[in-house]
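Those sequence lines, one after another, are chains A and B.
Per the working numbering, the very first residue in the first sequence carries number 1; after that it's consecutive.
Per the working numbering, the very first residue in the second sequence carries number 1001; after that it's consecutive.
Yeah, the Cβ is synthetic: ideal placement off N, Cα and C, and Gly gets one too.
The block underneath contains the structure these notes are about, expressed in structure tokens.
2 protein chains.
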Amino acid sequence: MAAYFYHEALNRLLSEDDWLIVQDTYDPKSNFKHETLFTLTNGYMGTRGAFEQGAVPEMPGNYLAGIFNKGDGPVRELVNLPQWHGISVFANRNALRYAEEASPLNAQTCEVIRFCRILDMKQGILISESVYRDRDGHETAVGTCRFVSRHDVHRTGIRLFATPLNHEGVFGIESRIDGSAVNWNTNPKFRAKHFNLLAAEDGDSEQLYLEAVTKDEAIHIGMGSAIHGLSRIGQQTPLPTIYHKFSNEGEECAEYVEFRIGRQETVQLDKLVVTYQSLELNGGRPRDAVHRNLARYRSEGWTQELRKHTNRYAKMWQEADIQIAGSEEDNRLVRFNLFHLMSTAYSGSPAVSMAAKGLHGEGYWGHVFWDTEIFMLPFFMYTFPDLAQSLLKYRYEKLGGARENARIAGYAGAKFPWQSAASGQEEIPPFSYDEHGAAQPLWMGKIEDHVTADIAYAVCQYVAVADDPAFMLACGLELLIETARFWQSRVEYDAERRQYVILNVIGPDEFHEHVDNNAYTNAMAARNLVQAAATLTDFQARFPAEVSDLLARLDWRPDDIAEWRKIAALMYIPRDEERLLIEQFDGYFQKKDYQFTAFDALGMPVYTGNPQLAELEQTQIIKQADTVMLLLLLRGFADAATVQANYDYYEKRTWHQSSLSMGMYALMAQRLGDTEKAYDLWLRTARTDLMDRHGNAGLGLHAAATGAVWQVLIFGFGGVQPDESSGMLEIAPSLPRAWKSLSFTVQWRGYRLAVEAEPEHLHITLPEIRQGILQVKIWGRPYAWRAEHSGERISIARRREASING
Amino acid sequence: MAAYFYHEALNRLLSEDDWLIVQDTYDPKSNFKHETLFTLTNGYMGTRGAFEQGAVPEMPGNYLAGIFNKGDGPVRELVNLPQWHGISVFANRNALRYAEEASPLNAQTCEVIRFCRILDMKQGILISESVYRDRDGHETAVGTCRFVSRHDVHRTGIRLFATPLNHEGVFGIESRIDGSAVNWNTNPKFRAKHFNLLAAEDGDSEQLYLEAVTKDEAIHIGMGSAIHGLSRIGQQTPLPTIYHKFSNEGEECAEYVEFRIGRQETVQLDKLVVTYQSLELNGGRPRDAVHRNLARYRSEGWTQELRKHTNRYAKMWQEADIQIAGSEEDNRLVRFNLFHLMSTAYSGSPAVSMAAKGLHGEGYWGHVFWDTEIFMLPFFMYTFPDLAQSLLKYRYEKLGGARENARIAGYAGAKFPWQSAASGQEEIPPFSYDEHGAAQPLWMGKIEDHVTADIAYAVCQYVAVADDPAFMLACGLELLIETARFWQSRVEYDAERRQYVILNVIGPDEFHEHVDNNAYTNAMAARNLVQAAATLTDFQARFPAEVSDLLARLDWRPDDIAEWRKIAALMYIPRDEERLLIEQFDGYFQKKDYQFTAFDALGMPVYTGNPQLAELEQTQIIKQADTVMLLLLLRGFADAATVQANYDYYEKRTWHQSSLSMGMYALMAQRLGDTEKAYDLWLRTARTDLMDRHGNAGLGLHAAATGAVWQVLIFGFGGVQPDESSGMLEIAPSLPRAWKSLSFTVQWRGYRLAVEAEPEHLHITLPEIRQGILQVKIWGRPYAWRAEHSGERISIARRREASING
């Protein structure tokens, strides 16, 4: 283990190197990005990696899943709530006197002579240490270890170590809860304060308490905090304090403690924080819940909560970890993406889902897009089925809003919003401002309708993979029926073509608005109709009473099933039969051609023209995977030659301006047998945030890309897919040359399979005993066995028979 | 005129060089000091010279005279109120879009490649300009001119100029009212928030409005602001805006405007601000007053208010300016001290006086000390008698508090507090914290009783100089009687000595606590008793009815006059008759001797021992003028030889740890004929804040030192003093060698005398016609004349007869 930190106690906390993301140089220009990369979240709360000691510039963020507000702003957005992480250290010679000035140690007031910050992904902790040299030449090491607990999501904590290296005297430490937080603090035009402060109490019970109330819905968020365990490192007895106060300073409250510390002596203390919000308390005020939990937290202590937290992470990694033999760096990349992906989902409430930017920043206003169902959900389906179910329950919960969206747009059924928050209604603002300050209408909310089919698709995928008919009966079926009804009302019959068409949409490629018959949309809508019809028919037979009740409630007409099937069967898909090409939308091939040939240092295609939408619309340049996306999701939609032709055509014309794009091309490249190309595209996807490839990592996680990283690994290199015809799970790995093996765990219909794929061998372990017979196809050959002994390991050679080892 | 600024419009605003205090290098280490030096105040409001664009570190301050609060803190202190001065400039290429980050131009985000800030004392304006180079190499000049209006004390204003020097595009300008202000923002231990925010409204009538309410007395402070006159420089037509919004962001509110500006084009705009508080509105809320005044201000405009403001300053300088021929630098020093001194007094309310630190900072908690009456008041008596009267009315208004103080201490009459704020009761905290964090009792409030005699002294001085018997009758007499009664109860009769003694006091020298018979205190108390007796006797004769009413109200015993005279006559003063020395207090000469011989770079005596009070008490080292102070104030108290002996003795033993000290020694040196020594000490006094000679200029003005600077000039070098025996004004100038002449204006019993003193000649002009005969003693010889013609100039040669020129 490298000695990253001055404080040995911090070094001792660290996991092995391939679990660490290390920032070893202090560079304020990278502050925004690192705040995102170093976000800690338990799905309930997300706290960006802003420094305890503050920084210039900074964009600190603390968010609770599901807490949105619009206020005077243009958009209902995830609220940047009071910040709990602030701690300032004052290294003075003397106890502070009244008229004395004191500067906290930070990068603004001091020279940072040593710096290291590490995200330990194995444990979900963030360790940061700076050695500051102040104007007097005094050097002080200040280190912190922070977590956002997965054991009790209401708890967060920081342990702080501070050591005067070449001086001694009185230290002051100030712990703050800062309610001055705003959204978009770096943008004076769109900056918004989304809450008022109801209370900022001090000291009642030797703790801080601050309560925020959102402006629109009056959601109360209470936060309590206490400094705990002030001592010399390793000593049980408390360090005597010279002064200790709790103060209420308007939007902030602060606890300040002063004590004496000798040269090269290390002081340690813990900041314990508890947060509740009124939505989870049936509207009650969070004050009592905060006080009760904080009292328990104080008696249990930071170390115990940390241990419980890291135990949870150990359990999560047992499910989620993917190990690559052959590249420590690739291992770290995978873990970085999976760490943020798995940390962000929350099963505690069906009222919340995962936003496109996670709980990692204010980008896309904290809204939920199709990213969740199409890019992130597969990871959860195969790894944490409970979380997958919870993410889909969110959509079910928002059916009311989706019905209202459909009604507003003049359609039947449920039309899911392009951007979803708390109500399920459309949250995209009606317009954006361009660089000239002119308002430009935003059409996605009105016509980017594929999201509705995407959600229906995800429901069916989940139910198949998790084998969860109960969810289908309770939630999925109603969602399928309502989305099918939307498409039923949305399509038009084109009498000339004698086919159904869908006019005036935006497909995944948002460079082209108001297009007719986007192949992706049409095909996904047809799939939605087919699956609704099939599932309804199936469930009517299996659960006649329950389905009958549902249909009565939905005021459903029996003729609909037949009409859904008819529409699906007659859905128009524009094609160039000669070239085997699916045309992305009517008239796409008439647009001006453009093919990318150059790439920049970040591996992004270089476009030399005018990047205005008005010009792009005239070209065949597409923002992101669209037709290729369709061919990925609907595997039986086209034959191999057609898939290859479309991949070849569209790949050259894709600008990858969305982080949703490159991973999907990687996956398709792998399917088409070009593993090294897939590997290259996968690497770029995996580095989306670490290398800030889209220039906006500071605004939050590219969560869809993290999901794509997993999909390329498991569906691509791991070759995992459900075989729809046989109902078996297929596993057909094909690894990049750089890798010796790829190990992962997937869950399939209740079975847990630990897979180790080597270029020519596959090993499967079933860690748990389970009744029944597991049927899988490995490299195209079917196998079946009983998981009678936990830990049984099966090894199969490529193109050879299975040999069973004990 | 030097071209200090890039923006010619700013250069054109400037007065002549000897009126300017120029800071030409940006040095964040000096920010606190410069905030004090560049404070603008009209007596009603004081705004520290913090940058519009913010800085690190900074200690911005905005205070309203008379607004105090204690809250949870240890001390009732002058409240740091919401800040009105903030303006940020964003120089972007494009109109800001939603997820974009924008950095304001300031010294944290940019390189400051050119900087100048100038206090123009003639006009009372602060001009600041920086040329910033941002990360993209874009250079932008941003200049501001700020005033705190003396015409309408509720109005403040900033004109801003901004020019993109090598780029162009969209600028955003954000104007803020910042209610996050706290007292002692640089001290986490004593930091205090003294108000809650009642309202932070946006945009109702296209303006910001924020209302603060003090926590203890619920004083409402309303502040409104609007951006006005956005245009290209010199153009009448408004610049078209791209975007304009008003927002409420918790404790802050902000107005943001966006517009397009070309390369090297200059945009200008004005920030107009209006402030009211409920004390001046009979407790009413200030909202309407703010809105009405701001509406008028907007229609009148920044330029008109600036003109009215500078006209007021021109009138003030007509009274107050002192011109020195022979040293431009000395001229500037004098003006610096007089500028802050005269700017800080306020005649608008008898509820407020001048604090020891002015309205320039939070040092000494904004409290009023004896500094006001003994150090600052003489300037006002001779220059602005109305302001002098107002300052004394403050003490009369607080008589109730002083009576309560006496009652609490077990005495009769009125005992003025050592530190006075709004109530007149003692505001000094009961203890302070030492460097070890231990609480140390503060005794000044209990036993530094001389302040009561000082105030009585000042009342008599004022009435004599201003010839204001009406004030004496209405206010002064009651104050004299009540203070005399205090001393009457405070003294003890020492039967052995057969004299009256005053035991257990602190004199002006605070290094020695709990002393008996401090000569200064005893002599000033005797003077208080004598003057009370004399004035009461005199006024009983002149205004029998009014005085009779007063005495009835005060429940006064006729015997008191005789007792006051007896106590005064028998007041014990410790002396060493042999050495002609007055002993500072009983036993002082038995203390360990110490004489200062070395001085540091700032001209401060160097003490090499332990500077703890416990050790100092054992020595003869004194903090500041004490016995010498007595000999200055009570001119007939001792003969010339005694004065010389005491000066020689105590001067060597004075550490000058108070800024009240050196100026008094300068004055005494001059009286004793050592003009060059006086000049040296005077120069050091005049540089107290400019050179930060006490290391705490950042905490506010050393207002007493500014008063001392005037006293040494007028009473010392100008030789001005009332001749108590003849009732004439004496003028006997004696100039430092470096000066060719000293010109000043004084008012004396209703006459206005413009005096020009040269080494061997004196010229007097009486600018106004006035009835009566002015009698003056010049260089010891009496003159008398009628001021029949305005502008009449009299020239007198030293030791020769007057020659009268037309």
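Next on the checklist: I'd like the list of long-range same chain contacts for B/PHE1032, defined as Cβ closer than 6 angstroms, with 5 residues on each side in sequence excluded.
Outcome noted: On the second sequence, residue 1032 of chain B is found 32 positions in, with the first residue counted as 1. So the list reads MET1059, GLY1698, once near-sequence residues are dropped.
Item to check | Listed by chain order, chain B residues near A/GLN108 by CB distance under 7 angstroms | outcome: Taking the first sequence and counting its residues from 1, one reaches residue 108 of chain A at position 108. Listed along the chain, the chain B residues whose CB falls inside 7 angstroms of the CB of A/GLN108 are VAL1056.
Checklist entry - What three-state label does DSSP hand A/GLY476 in the structure shown? => result Reading the first sequence from its first residue, position 476 is the one you call residue 476 of chain A. Helix.
Checklist entry - Quick one: does A/TYR98 have its CB under 8 angstroms from some CB of chain B? => result Position 98 of the first sequence, counting from 1, holds the residue named residue 98 of chain A. Yes - at least one Cβ of chain B is within 8 angstroms of the one on A/TYR98.
Item to check | Beta-carbon proximity list for B/GLY1368, same chain, < 8 angstroms, skipping 5 on both sides | outcome: For this step, residue 1368 of chain B is matched to residue 368 along the second sequence. The amino acid occupying residue 1368 of chain B in the given sequence is Val; Gly does not appear at that position. So the list reads SER1353, MET1354, ALA1355, ALA1356, TYR1394, GLN1419, SER1420, ALA1421, once near-sequence residues are dropped.
Item to check | alpha helix (DSSP H) runs wholly inside the region 1567 to 1634 of chain B, at least 4 long, in chain order | outcome: 1613 to 1616, 1627 to 1633
Item to check | Within-8 angstroms CB hit, A/ILE227 to chain B | outcome: Reading the first sequence from its first residue, position 227 is the one you call residue 227 of chain A. Taking CB atoms only, A/ILE227 has no neighbour in chain B less than 8 angstroms away.
Checklist entry - Taking Cβ-Cβ distances shorter than 9 angstroms, what residues in chain B pair up with A/ILE242? => result Residue mapping note: residue 242 of chain A aligns to position 242 of the first sequence, counting from 1. By Cβ distance, chain B contributes TYR1433, HIS1436, GLY1437, ALA1438.
Checklist entry - If you drop the 5 nearest sequence neighbours on each side, which residues of the same chain put their C-beta closer than 7 angstroms to that of B/GLN1277? => result Looking up residue 1277 of chain B in the second sequence gives position 277. Cβ neighbours of B/GLN1277 beyond the five flanking positions: LEU1064, ILE1067, ILE1219, HIS1220, ILE1221, PRO1286.
Checklist entry - Since B/LEU1269 contacts B/LEU1198 with CB under 8 angstroms, what's their CB separation in whole angstroms? => result In the second sequence, the residue the question calls residue 1269 of chain B occupies position 269. In the second sequence, the residue the question calls residue 1198 of chain B occupies position 198. 28 angstroms between Cβ atoms; not a contact.
Item to check | With 16 other Cβ atoms within 10 Å as the buried cut-off, status of B/LEU1040 | outcome: As a position in the second sequence, residue 1040 of chain B is number 40, starting the count at 1. Label assigned to B/LEU1040: buried.
Item to check | For B/ALA1708 and B/THR1685, believed in contact at Cβ under 8 angstroms, the rounded distance | outcome: If you number the second sequence from 1, residue 1685 of chain B lands on position 685. If you number the second sequence from 1, residue 1708 of chain B lands on position 708. With a Cβ gap of about 5 angstroms, B/THR1685 and B/ALA1708 count as contacting.
Item to check | Test item: CB-CB of A/LEU631 and A/ASN646 under 8 angstroms | outcome: On the first sequence, residue 631 of chain A is found 631 positions in, with the first residue counted as 1. On the first sequence, residue 646 of chain A is found 646 positions in, with the first residue counted as 1. Yes, they are a contact pair.
Item to check | Where the region 176 to 194 of chain A meets chain B: residues whose CB sits under 8 angstroms from a CB there | outcome: GLY179, SER180, VAL182, TRP184, THR186, ASN187, PRO188, LYS189, PHE190, ARG191, ALA192, LYS193
Item to check | Other residues of its chain near B/ARG1553: CB distance less than 8 angstroms, five sequence neighbours each side excluded | outcome: In the second sequence, the residue the question calls residue 1553 of chain B occupies position 553. Correct list: empty, nothing qualifies.
Next on the checklist: Assuming B/GLN1721 and B/LEU1667 are in contact, meaning their beta carbons sit under 8 angstroms apart, how far apart are those beta carbons, in whole angstroms?
Outcome noted: Start at 1 with the first residue of the second sequence, and residue 1721 of chain B comes out as number 721. Start at 1 with the first residue of the second sequence, and residue 1667 of chain B comes out as number 667. With 8 angstroms as the limit, B/GLN1721 and B/LEU1667 do not qualify as a contact, their Cβ atoms being about 11 angstroms apart.
Next on the checklist: Quick check on B/GLN1590: buried or exposed, where buried means 16 or more other Cβ atoms within 10 Å of its Cβ?
Outcome noted: Counting from one through the second sequence, the residue named residue 1590 of chain B turns up at place 590. Classification for B/GLN1590: exposed.
Checklist entry - What residues from the region 1691 to 1703 of chain B come within 8 angstroms of chain A, judged by C-beta to C-beta, listed N to C? => result Those would be ASN1696, GLY1698, LEU1699, in chain order.
Checklist entry - Any beta-carbon of chain A closer than 8 angstroms to the one on B/ASP1494? => result What you label residue 1494 of chain B is simply residue 494 of the second sequence in a count that begins at 1. No, its Cβ sits nowhere closer than 8 angstroms to a Cβ of chain A.
Checklist entry - Using a Cβ-Cβ cut-off of 8 angstroms (strictly less than) and excluding sequence neighbours within five positions of B/GLU1478, which residues of its own chain qualify? => result As a working mapping, residue 1478 of chain B is identified with position 478 in the second sequence. Excluding residues within five positions, the ones whose Cβ falls inside 8 angstroms are TYR1396, LEU1399, LEU1550, LEU1554.
Checklist entry - Under 9 angstroms Cβ-Cβ, which residues of chain B neighbour A/ASN94? => result Position 94 of the first sequence, counted from the first residue, corresponds to residue 94 of chain A. Neighbours of A/ASN94 on chain B, chain order: ASP1434, GLU1435, HIS1436, GLY1437.
Item to check | Option in A/SER225, A/PHE259, A/CYS253, A/PHE380 with minimal Cα separation from A/SER231 | outcome: Indexing the first sequence from 1 puts residue 231 of chain A at position 231. Residue A/PHE259 is the option with its Cα nearest to A/SER231.
Checklist entry - Residues in the region 291 to 306 of chain A with C-beta within 7 angstroms of chain B's C-beta atoms, listed in sequence order? => result none
Checklist entry - Can A/ALA289 and A/PRO82 be called in contact, C-beta distance under 8 angstroms? => result Sequence index remark: in the first sequence, residue 289 of chain A carries index 289 (1-based). Sequence index remark: in the first sequence, residue 82 of chain A carries index 82 (1-based). No, they are not a contact pair.
Checklist entry - Of all the residues that make up the region 359 to 370 of chain A, which are near chain B by a beta-carbon distance shorter than 7 angstroms? => result GLY363
Checklist entry - Leaving out five residues before and five after A/ARG93 in sequence, what residues of the same chain have Cβ atoms less than 6 angstroms from its Cβ? => result The sequence position of residue 93 of chain A within the first sequence is 93, counting from 1. So the list reads GLY169, once near-sequence residues are dropped.
Checklist entry - If you measure from the beta carbon of A/ASN248 to each beta carbon in chain B, is any gap under 8 angstroms? => result Taking the first residue of the first sequence as position 1, residue 248 of chain A is located at position 248. Yes, because at least one Cβ of chain B sits closer than 8 angstroms to the Cβ of A/ASN248.
Item to check | Residue burial classification, B/ARG1497 (beta-carbon count within 10 angstroms, cutoff 16) | outcome: Counting from 1 along the second sequence, the entry for residue 1497 of chain B is found at position 497. Under this definition B/ARG1497 is an exposed residue.
Checklist entry - When the cut-off is 8 angstroms and only beta carbons count, does A/GLY172 lie next to chain B? => result In the first sequence, the residue the question calls residue 172 of chain A occupies position 172. Yes, its Cβ sits closer than 8 angstroms to a Cβ of chain B.
Checklist entry - If we count the other Cβ atoms within 10 Å of its Cβ and call it buried at 16 or more, is A/ASN311 buried or exposed? => result In the first sequence, residue 311 of chain A corresponds to position 311, counting from 1. By the neighbour-count rule (16 or more Cβ atoms within 10 Å), A/ASN311 is not buried but exposed.
Checklist entry - Any residues in the region 1040 to 1072 of chain B with a beta carbon nearer than 8 angstroms to a beta carbon of chain A? Which ones, in chain order? => result VAL1056, PRO1057, MET1059, ASP1072
Checklist entry - Around the Cβ of B/ALA1640, are there at least 16 other Cβ atoms within 10 angstroms (buried) or fewer (exposed)? => result Within the second sequence, residue 1640 of chain B is the residue found at index 640, counting from 1. Exposed, by the Cβ-count rule.
Checklist entry - What are the complete beta strand (DSSP E) segments, minimum 3 residues, inside the region 1134 to 1212 of chain B? => result 1139 to 1148, 1155 to 1164, 1169 to 1178, 1195 to 1202
Checklist entry - Going by DSSP, what residues sit across from B/PHE1744 in a beta bridge? => result Looking up residue 1744 of chain B in the second sequence gives position 744. Bridge partners of B/PHE1744: B/VAL1755.
Next on the checklist: Any beta carbon from chain B within less than 8 angstroms of A/PHE32's own beta carbon?
Outcome noted: Walking along the first sequence from the start, residue 32 of chain A turns up at place 32. Answer yes: the Cβ-Cβ gap between A/PHE32 and chain B drops below 8 angstroms somewhere.
Checklist entry - The beta strand (DSSP E) with B/GLN1461 in it runs from where to where? => result Position 461 of the second sequence, counted from the start, is the residue given in the question as residue 1461 of chain B. No beta strand (DSSP E) holds B/GLN1461; the alpha helix (DSSP H) holding it covers 1450 to 1466.
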